[in-house]
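Asker: Per our numbering: the sequence shown = residues 1299 to 1771.
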Amino acid sequence: MSNKQFDVIVIGGGPGGYVAAIRAAQLGFNTACIDEWKSAKGGPALGGTCTNVGCIPSKALLQSSENFEHAGKHFADHGIQLSNLGIDVAKMLSRKDGVVKQNNDGIVYLFKKNKVAFFHGRGSFVKAAEGGYEVKAGDETLTGKHVILATGSNPRALPGAPFDEDNILSNDGALRIPTVPKRLGLIGSGVIGLEMGSVWRRLGSEVTVLEALPAFLGAVDEQIAKEAQKAFVKQGLKIELGVKVGEVKQGKGGLSVAYTNAKGEAQTLAVDKLIVSIGRVPNTIGLNGEAVGLKLDERGAIVVDDDCKTNLPNVWAIGDVVRGPMLAHKAEEEGVAVAERIAGQHGHVNFNTIPWVIYTSPEIAWVGQTEQQLKAAGRAYKAGAFPFMANGRARALGDTTGMVKMLSDAKTDEILGVHIVGPFASELISEAVVAMEFKASAEDIARICHAHPSLSEATKEAALAVDKRTLNL
Ligand code: FAD
Ligand code: NAI
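(1) Going by DSSP in three states, Ile1650 sits in which element: helix, strand or coil?
(2) Below 6 Å, is the gap between the Cβ of Asn1469 and the nearest heavy atom of the ligand FAD?
(3) Would you check if the distance between the CB atom of Ala1760 and the CB atom of Gly1666 is smaller than 7 Å?
(4) Under 7 Å, do Val1541 and Asn1559 count as touching if we go by C-beta distance?
(5) Given this structure, state the Cα-to-Cα distance separating Lys1302 from Thr1439, to the nearest angstrom.
(6) Tell me whether Val1397 counts as near the ligand NAI, meaning its Cβ is closer than 6 Å to at least one heavy atom of that ligand.
(7) Beta carbon of Met1624: closer than 6 Å to some heavy atom of the ligand NAI?
(8) Pick out whichever of Ala1318, Glu1463 and Val1387 has its Cα sitting closest to the Cα of Pro1453.
(9) Tell me the DSSP secondary structure of Cys1747 in three-state form.
(10) How many angstroms separate the CA atom of Leu1500 from the CA atom of Val1433?
(11) May I have the straight-line CA-CA distance separating Gly1314 from Gln1533, to the nearest angstrom?
(12) Going by C-alpha distance, which of Tyr1407, Lys1758 and Ile1446 is nearest Ala1629?
(13) Please state if the CB of Leu1771 and the CB of Ala1692 are separated by a distance shorter than 7 Å.
(14) Could you spell out the range, first to last residue, of the beta strand (DSSP E) harbouring Gly1720?
(15) Which residues in the same chain as Glu1545 place their Cβ atom closer than 7 Å to its Cβ, once the five residues preceding and following it in sequence are excluded?
(16) Taking 7 Å as the limit between beta carbons, can you name the residues of its chain near Leu1714, skipping five residues before and five after?
(17) Select from Ala1626, Ala1415 and Ala1675 the residue whose C-alpha is nearest the C-alpha of Trp1654.
(18) Out of Ile1320, Ile1718 and Gly1690, which has the shortest C-alpha to C-alpha gap to Ala1749?
(19) Three or more C-beta pairs closer than 8 Å, one from the stretch 1339 to 1357 and one from the stretch 1411 to 1420: is that the case here?
(20) Would you kindly check if the distance between the Cβ of Gly1502 and the Cβ of Val1531 is under 7 Å?
(21) Taking the straight line between their C-alpha atoms, what separation do you get for Thr1347 and Gly1450?
(22) For Asn1350, I'd like the list of residues in its chain whose CB is within less than 7 Å of its CB, leaving aside the five on either flank, ordered along the chain.
(23) Pick from Val1732, Val1716 and Thr1566: whose alpha carbon is nearest that of Ser1554?
(24) Can you determine whether any heavy atom of the ligand FAD sits closer than 6 Å to the C-beta of Gly1315, and answer yes or no?
(25) Whole beta strand (DSSP E) runs in the stretch 1587 to 1675 with 3 or more residues, listed along the chain?
(26) Under the criterion of a Cβ to heavy atom distance below 6 Å, does Val1507 qualify as lining the ligand NAI?
(27) Cα separation between Asp1437 and Cys1331?
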């Protein structure tokens, strides 16, 4: 047992916590980070949900499964002939585990480089102490002037159907199904549902998604969501909207999910595995916030103000455990901003320019407001769209699904939102984020030289379309 004193103690080593710790150390603070995630061997596995069972492994499997789909369905268009194509799921999963490990190790290296003291174990409040807080880190006791809480989120389970990670799967189990299930059910057609559904469909599963809401991807611009839905259905994803999910039963022949469809008819879905992806809940388990009077809201999120300050002096909270979108880059931005605020600087996070990406094929990406949001707010706007069908690079790629759509203010022409469905939307969206950060107008983008042939020309053409003067359509 020892008592170590720090300027900043970060609890949680996900993208919010580890980035906050690095930035705090860069700013000259004596910094500790406590994280309890365990690798399969029981050792530390820094990076949180994102690195271990989220962003990174899901993208690794999306890439493997997309390669498989291309080899089986699209290589022939290029004159490439293959025979005996097969998928070795064990190899694919072990590659994914390798990618995760590289990222875990990368953070260990970054902590060493920046002199962040790392403690593997659970972090919990003991009491407010002189000049800060006493915090347990596993068996050790630390004292910190400032505490940054970055404890992330956990998957929400369906009532009466707890995760067993064997048949009823959260994102964790969904990323390590040992053999391709013949029939895969998904509850919730949100981000995880669509990404995980895509992985296993590409590998050969019959995938059915049951979604409670009547609209597909309700938060996405309607025109973009419709285009994406069309593409997913064409690929063979079965999506039932407006359902009410009832009892889930497990038997010898698999699982059965009772539900009522949009017409009110009682139905049963029989599947071999079931992924439940109906959102995530903020995680404060084991933090012992009660010991210091940490305030939570009715959803269990830590209450913070615009600067990520909690109700306690010098206690901050960031990432999935607080309000706002549950995204790794949002958590990172908040982590940097809080470290800078502790240093007396003016850390800043612009919630209006946080991009969203869904890494399906086609990819879906957006930033700013949707057309339906602008209509609801009564804001006068102009809209322009350009389809990838008319883009030379997309034709060469053999992937012409989708479009770039731009929305700008009717009077000032300032860009209010950019919505993309199509190839490499995840990369294309960055231009829109930069443009919006600099308060660019659609005309600014239209006047900027874009490389030819490139998918980014579709963004330029969408900007031209706002002014009804596309050149290639
Ligand atoms: P987390 O990453 O959840 O990290 C919290 C850490 O704190 C964990 O390591 C946890 O073990 C630790 N911890 C908790 N309590 C304690 C305690 N008391 N003591 C010590 N340690 C503790 N976002 C994107 O932006 N892009 C994506 O592509 C993307 N894909 C995703 C795919 C899936 C399948 C999932 C589930 C999520 C995905 N996300 C994605 C969301 C992203 O993972 C989260 O928004 C992000 O991880 C939140 O970061 P965080 O630091 O707040 O929390
Ligand atoms: P989500 O909020 O994206 O989607 C959940 C879906 O489930 C919604 O469409 C909701 O209407 C539906 N739903 C809720 N209860 C239901 C019920 N009882 N029956 C049927 N449908 C129901 O949540 P998801 O997919 O679990 O992901 C959690 C979060 O993780 C995301 O919101 C996102 O923040 C993050 N994430 C981000 C990714 C990315 O950035 N590419 C990838 C994966 C996750």
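Ideal placement from N, C-alpha and C gives every residue a C-beta, glycine not left out.
This one's a predicted model, so the numbers in the text were calculated from it and none came from an experiment.
Answerer: Per the coordinate set shown:
(1) Here the question's residue 1650 lines up with position 352 in the sequence shown. Reading off the sequence shown, one finds Asn at residue 1650, where the question assumed Ile. Helix, per DSSP.
(2) Taking the sequence shown and counting its residues from 1, one reaches residue 1469 at position 171. Yes - the ligand FAD has a heavy atom lying nearer than 6 Å to the Cβ of Asn1469.
(3) Within the sequence shown, numbered from 1, the residue matching residue 1760 stands at position 462. Within the sequence shown, numbered from 1, the residue matching residue 1666 stands at position 368. Not closer than 7 Å, so no.
(4) For the purposes of this step, residue 1541 is taken as the residue at position 243 of the sequence shown. For the purposes of this step, residue 1559 is taken as the residue at position 261 of the sequence shown. For Val1541 and Asn1559, yes; Cβs fall inside 7 Å.
(5) Against the sequence shown, residue 1302 aligns to sequence position 4. Against the sequence shown, residue 1439 aligns to sequence position 141. Distance between the alpha carbons of Lys1302 and Thr1439: 7 Å.
(6) In the sequence shown, residue 1397 corresponds to position 99, counting from 1. Not under cutoff, so the answer is no.
(7) Sequence index remark: in the sequence shown, residue 1624 carries index 326 (1-based). Distances taken from the Cβ of Met1624 to the heavy atoms of the ligand NAI include one shorter than 6 Å.
(8) On the sequence shown, residue 1453 is found 155 positions in, with the first residue counted as 1. The shortest C-alpha separation from Pro1453 is found at Glu1463.
(9) Looking up residue 1747 in the sequence shown gives position 449. The three-state reading of DSSP puts Cys1747 in coil, since its state is none of H, G, I, E or B.
(10) As a first step, residue 1500 must be located in the sequence shown, where it is residue number 202. As a first step, residue 1433 must be located in the sequence shown, where it is residue number 135. Going by the sequence as given, residue 1500 is Arg instead of Leu. Each residue's alpha carbon lies about 47 Å from the other.
(11) As a first step, residue 1314 is located in the sequence shown; it is residue number 16 there, counting from the start. As a first step, residue 1533 is located in the sequence shown; it is residue number 235 there, counting from the start. Cα-Cα distance, rounded: 35 Å.
(12) Position 331 of the sequence shown, counted from the first residue, corresponds to residue 1629. Residue Ile1446 holds the alpha-carbon nearest to the alpha-carbon of Ala1629 among Tyr1407, Lys1758 and Ile1446.
(13) The residue labelled residue 1692 in the question sits at position 394 within the sequence shown. The residue labelled residue 1771 in the question sits at position 473 within the sequence shown. Against a cut-off of 7 Å, the Cβ pair of Leu1771 and Ala1692 comes out as no contact.
(14) Stepping through the sequence shown from its first residue, residue 1720 is reached at position 422. Where Gly1720 is concerned, the enclosing beta strand (DSSP E) stretches over Ile1713 to Gly1720.
(15) If you number the sequence shown from 1, residue 1545 lands on position 247. Taken in chain order, the residues that qualify are Gly1458 and Ala1556.
(16) The residue labelled residue 1714 in the question sits at position 416 within the sequence shown. The beta carbon of Leu1714 lies closer than 7 Å to those of Gly1666, Gln1667, Leu1672, Tyr1679, Leu1705, Ser1706 and Asp1707 in the same chain, with the five residues before and after it left out.
(17) For this step, residue 1654 is matched to residue 356 along the sequence shown. Looking at the Cα atoms, Ala1626 is the closest of the given residues.
(18) Locating residue 1749 in the sequence shown gives position 451, counting from the first residue. Across the set Ile1320, Ile1718 and Gly1690, the C-alpha of Gly1690 shows the shortest separation from the C-alpha of Ala1749.
(19) The way I'd put it, the stretch 1339 to 1357 does touch the stretch 1411 to 1420; three or more beta-carbon pairs between them come closer than 8 Å.
(20) Indexing the sequence shown from 1 puts residue 1531 at position 233. Indexing the sequence shown from 1 puts residue 1502 at position 204. Result no, Cβ atoms of Val1531 and Gly1502 do not sit closer than 7 Å.
(21) In the sequence shown, the residue the question calls residue 1347 occupies position 49. In the sequence shown, the residue the question calls residue 1450 occupies position 152. Approximately 8 Å, taken between the alpha carbons.
(22) The sequence position of residue 1350 within the sequence shown is 52, counting from 1. Once the five neighbours on either side are set aside, the close Cβ partners of Asn1350 are Trp1335, Ala1343 and Val1398.
(23) Reading the sequence shown from its first residue, position 256 is the one you call residue 1554. In terms of Cα proximity to Ser1554, the closest of Val1732, Val1716 and Thr1566 is Thr1566.
(24) Taking the first residue of the sequence shown as position 1, residue 1315 is located at position 17. Answer for Gly1315: yes, Cβ within range of the ligand FAD.
(25) Listed in chain order, they are 1613 to 1615, 1654 to 1656 and 1661 to 1666.
(26) Within the sequence shown, the letter at position 209 stands for residue 1507. Distance from the C-beta of Val1507 to the nearest heavy atom of the ligand NAI is not below 6 Å.
(27) Residue numbering aside, residue 1437 sits at position 139 when the sequence shown is read from its first letter. Residue numbering aside, residue 1331 sits at position 33 when the sequence shown is read from its first letter. Asp1437 and Cys1331: Cα-Cα distance of roughly 14 Å.
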